[in-house]
Amino acid sequence: MKACIFKTPGAPDVLTLADLPVPTLQQGTDILVKLKAAGVNPIDTKIRGRGAFVPNADFTVLGCDGAGVVEAVGDRVRQFSPGDEVFFCSGGLGGDRGNYAEYTVVSEADAVLKPSRLSFTEAAAAPLVLLTAWEALYDRARLAPRQRVLIHAGAGGVGHVAIQLAKLREAQVATTISSEDKARFVTHLGADHCIYYNRMDFVRAVMAWTDNKGVDVAFDTVGQSVLAQSFEAAKYGGDVVTLLAPADSTNWKAARDRNLRVSFELMLTPQLQNLPEARHHQAQILASCAKWLDAGKLHIHVDQTFPLSQAAAAHEWIHRGGGMGKVVITMD
């Protein structure tokens, strides 16, 4: 099979197309998937740049998100049969299990039937961002109806589904964006208030929007100074959830003074630490999202697609920034 791999961390050009054996089932609960598409996420570019989580691997096949058709199943698989269309977030953290490839092996516990309404390309773009946004807003912040939430980078991969999940929870949404095109995009998704972070101080804008009370929930998808500024935009006793590790220079005073609950969201932890219950919970999240996707209540926006042979170009696109929604690699 064809797969895109890297052996030594570095710039996008370390990604090369290679011929690898089709992976074989290792456990009775494994399924072999003929991949149709793989989502491209910022974590892929970070692993490529700094090295894989799995030590001592001869090479790494990237790609946490995948969608495709079940080709074969282990003797203890009960949920899937050959021919089923599935999507999942599994692999891509090091070694030969990843989704920048024509085939991959996945535990049946991590896979969910693909929403019939979605193309394989759209389905491959969905899992990681949906899991991240759901866990951040619903599990960590416990977002409730009529609450006000600030979502940073609302036009991005995580941001554009976070807006929709917040609206499905009947919350009021403010989001930071940088252009008129992005403002139109997030407004179409349901955002109630757009903040041009490159033109105005988002903390002041939030305070004006909330009558100086602050938001119930601030969701930081950017990191660095944005985290500390988000403390100042949250109301007393509110929640701030971040996807990034805090910088050493982070000023925590506002978080302490406001009695904030500060949470961290790394949706890869269940896979990295092999936590069966947490992985089961994530599969349940995907199944719930699949119903909303099929009902037209959730939408996945694919900004760009690249063939497998041009994975390096997909990473360069991510590095340039400025896109909306997701980037996807296709196998056909």
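Residue numbering for the sequence shown follows the numbering used here, beginning at 73 and increasing consecutively. The beta-carbon is built from N, C-alpha and C at its ideal position, and this holds for glycine as well. Computed from a predicted model, the values in this text were never measured in an experiment.
Could you tell me which uninterrupted beta strand (DSSP E) segments, each at least 3 residues in length, are contained entirely in the stretch 247-311, listed from first to last along the chain?
265-268 and 287-292
Check your understanding: Which residues in the same chain as residue 156 place their Cβ atom closer than 8 Å to its Cβ, once the five residues preceding and following it in sequence are excluded?
Key -> 141, 142 and 185
Span separating the alpha-carbon of residue 195 from that of residue 329: 43 Å
Quiz prompt | Cut-off 8 Å between Cβ atoms - residues of its own chain near residue 235, not counting five sequence neighbours on either side | solution = 223, 226, 245, 247, 258, 261, 262 and 263
> Residues bridged to residue 103 by DSSP?
Replying inline: 145 and 178
Note the first and the last residue of the continuous beta strand (DSSP E) segment covering residue 90.
88-91
Check your understanding: Excluding five sequence neighbours on each side, which residues of the same chain lie with their C-beta closer than 7 Å to the C-beta of residue 366?
Key -> 187, 188 and 189
**OP:** Mind checking which residues open and close the beta strand (DSSP E) that includes residue 189?
**Re:** It is not in any beta strand (DSSP E) - residue 189 carries neither H nor E in the DSSP assignment.
Relative to the alpha-carbon of residue 182, which residue among 377, 340, 213 and 370 has its alpha-carbon at the smallest distance? 340
Check: Nearest to residue 154 by CA position, among 104, 136 and 370, is which residue?
Finding: 104
* Element boundaries [alpha helix (DSSP H), containing residue 333] -> Where residue 333 is concerned, there is no enclosing alpha helix (DSSP H), although the beta strand (DSSP E) it sits in stretches over 333-336.
Run of the beta strand (DSSP E) containing residue 375, from where it starts to where it stops: 374-379
Length-filtered (3 minimum) beta strand (DSSP E) runs lying within the stretch 185-249: 220-223 and 244-249
Problem - residue 117 in three-state terms, based on DSSP - result: helix
Looking at the unbroken beta strand (DSSP E) that takes in residue 161, where does it start and where does it end? 157-161
Q | Buried versus exposed call for residue 359 [16 or more other C-beta atoms within 10 Å across all chains shown] | A | exposed
For residue 326 and residue 303, believed in contact at Cβ under 8 Å, the rounded distance: 4 Å
query = Ordered along the chain, which non-local residues of its own chain (more than five positions away) have a Cβ less than 6 Å from that of residue 217?
reply = 242
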